[in-house]
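Going by full-length UniProt numbering, the residue at position 231 of the sequence shown is 231; the numbering climbs one at a time, nothing skipped. Every residue gets a Cβ at the ideal spot worked out from N, C-alpha and C, and that includes glycine.
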Amino acid sequence: MHTNNRVPKLYRQAYDVLVRDIRSGAYQRGMRLSETQIAERFSISRAPARQALQELERDGLVRKAEGRGYEISDCDRLGNSQLLAELPLAEVEPRSSWELIYPEVELEIVSRTALASWRINEAILAKHYGVSRTVARDVVARLQERGIVRKDQSARWYAQALTRDHIEELYELRWVLEPLALQKAAQRLPSEHFTLLRQHLEQALDASQVPSETLDRLEQELHVDLLSHCGNQALLRAVSLPQALLVAHHFLYRQTSDMFASEPFLPEHLTIIQNLEQGHIAMACDALVHHLQVSRQRVMLRIEAVANSITPAALPYLEQL
1 MHTNNRVPKL YRQAYDVLVR DIRSGAYQRG MRLSETQIAE RFSISRAPAR
51 QALQELERDG LVRKAEGRGY EISDCDRLGN SQLLAELPLA EVEPRSSWEL
101 IYPEVELEIV SRTALASWRI NEAILAKHYG VSRTVARDVV ARLQERGIVR
151 KDQSARWYAQ ALTRDHIEEL YELRWVLEPL ALQKAAQRLP SEHFTLLRQH
201 LEQALDASQV PSETLDRLEQ ELHVDLLSHC GNQALLRAVS LPQALLVAHH
251 FLYRQTSDMF ASEPFLPEHL TIIQNLEQGH IAMACDALVH HLQVSRQRVM
301 LRIEAVANSI TPAALPYLEQ L
């Protein structure tokens, strides 16, 4: 059970930064983008720069300009109108050693928590991937930051099984903390931000089949990206702990894509975003609580289905508890 998607491709890294800049208003409607400008900004070749622009065009954020290049076609944003040449350079830096192996380690561990709890051995993890103990330690530190692993009373690392009781605890935390973060974030964002999220959900609802990667992105847009604007760092740290569930969702969506005729969370997210777009913040928070409460049982159904259908290969750095 290994994944080959270890590191986002250069074009995807550039694409993600450009999407963020367009949404934030750093690029205004009508501003020109070219392969050369993007390549220079991110210190990449023209091929990934071209692919990043093609992805932006596919998503409707840019369109072919008269002559050569592209121009921003997204909705007008608040912000300073500044020339592209004045924007700070942003490099797509080569990933460090721990980042190269992290996605695979995360997936291997999370996929197994549907079955049991697991102890992680740093030394054997390092040997398995041919990296130093420092690199292995960095991987485990990131897993801890994501809420995937924790230390037991003997200071040994373990990943807790996604049991019914553990799921209950995590969801209870989520429906207490996330509405508060949503309320604060909604007061800091323009309605145009919610309009874009609504359009993404409507596109997914209109599609005959929604890839698991798109479902991941839509979950991220509401439960991570939107809440990140709440302005309270202590609250964000508390919110991030139970959101280890979102990492599990990445695996569960891929394994249970045929469980539901259409993904149930899409209309629930849409109700939340529509209320935000209309300025009904309290109603959006109530809809978020309802969404999290009904999602809890669906997650258990997915976990049970996965537990009955997979037999993961043994990994030397993981010991089943």
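- Message: Just to confirm my understanding: we take E213, look at its own chain, exclude 5 residues before and 5 after, and list those with CB closer than 6 Å. What are they?
- Response: none
- Task: Between the Cα of E202 and those of V294, S295, L218, R150, spot the shortest distance and give me the residue it belongs to.
- Result: L218
- Cβ pair count under 8 Å reaching 3, the stretch 259-277 against the stretch 174-194: yes
- By how many angstroms is the C-alpha of L182 removed from the C-alpha of I281? 8 Å
- Message: Residues in the same chain with beta-carbon distance under 6 Å from A284, minus the five sequence neighbours each way, listed in chain order, please.
- Response: I272, N275, L276
- Task: Pair every Cβ in the stretch 160-179 with every Cβ in the stretch 120-136, then say whether three or more of these pairs are closer than 8 Å.
- Result: no
- Distance between S262 and Q209 (C-alpha atoms, nearest Å): 8 Å
- Task: Within its chain, find whatever has a CB closer than 7 Å to the CB of L162; leave out the 5 residues flanking it on each side and keep chain order.
- Result: T113, A114, A248, I303
- Task: Spatial neighbours of P267 within its chain, please: CB distance less than 6 Å, with the 5 preceding and 5 following residues excluded, ordered by chain position.
- Result: none
- So is E35 buried or exposed if we call it buried at 16+ other beta carbons inside 10 Å? buried
- State yes or no: is the C-beta of residue 322 within less than 8 Å of the C-beta of L270? A question about residue 322 goes unanswered here, because the residues of the chain that appear run from 1 up to 321.
- Task: For the beta strand (DSSP E) holding A159, just list the boundary residues, first then last.
- Result: 157-159
- Task: Assign V294 to one of two classes, buried (16 or more other C-beta atoms within 10 Å of its C-beta) or exposed (fewer than that).
- Result: exposed
- Task: Leaving out five residues on either side along the sequence, give the residues of the same chain with a beta carbon under 6 Å from the beta carbon of A136.
- Result: E122, L125, A126
- Query: CB-CB under 7 Å to A185, same chain, minus the five flanking residues each way: which ones, in chain order?
  - Reply: L226, L227, H229, C230
- Message: Restricting to Cα atoms, I'd like to know which of Q13, Q51, E55, R63 is closest to R32.
- Response: R63
- I72 - partner residues in DSSP beta bridges: V62
- Item | Ordered list of alpha helix (DSSP H) runs contained in the stretch 125-181, each at least 4 residues | 133-145
- Query: Tell me which same chain residues have a C-beta within less than 7 Å of the C-beta of L189, skipping the five on either side of it?
  - Reply: H229
- residue 336 and A159 look like a contact to me (Cβ under 8 Å); what is the Cβ gap, rounded to whole Å? An answer regarding residue 336 cannot be provided, because it is not within the stretch 1 to 321 covered by the chain.
- Limits of the unbroken beta strand (DSSP E) element including Q320: 318-320
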